[in-house]
Amino acid sequence: MEPIQIEERKMEEAIQIDNRGDFGLWAIEIAKQIVADQGFELARAARDGTEDDVRAAGNALGQAITNAMMEVFDGLMDGADVDQTGV
986 MEPIQIEERK MEEAIQIDNR GDFGLWAIEI AKQIVADQGF ELARAARDGT
1036 EDDVRAAGNA LGQAITNAMM EVFDGLMDGA DVDQTGV
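Counting from 986, one number per residue, gives the positions in the sequence shown under this note's numbering.
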């Protein structure tokens, strides 16, 4: 199995995931980033905002999680293309 390359959003450098442990570390780091950014906004909206603000912040949190998962999926698919073509 080929390692996958994932672009870090904040670190702006590719990381290489060679195994389950590497993936776990990446998942922890990306979760920290998402919670720090989107979780704070959701908490702030819940405390000070309207229902629409809470809904928007919750949607942004969900979108950040989706984006992270799609990033991994795209990296896996790129690796699958390499495996299938032998390149």
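C-beta atoms are modelled at their ideal positions from N, C-alpha and C, and glycine is treated no differently. Quantities reported herein were computed from a predicted structural model and do not represent experimental measurements.
- By a beta-carbon distance limit of 8 Å, Ala-1030 contacts Val-1039. Their separation comes to about 5 Å.
- For Gly-1009, the number of other beta carbons within 10 angstroms of its own is below 16, and it is reported as exposed.
- With contacts defined by Cβ atoms closer than 8 Å, Ile-1019 and Trp-1011 do not form a contacting pair.
- Per the DSSP secondary-structure output, Gln-1048 pairs with nothing in a beta bridge.
- Contact annotation, Glu-1026 with Ala-1042: C-beta distance approximately 5 Å; criterion of less than 8 Å satisfied.
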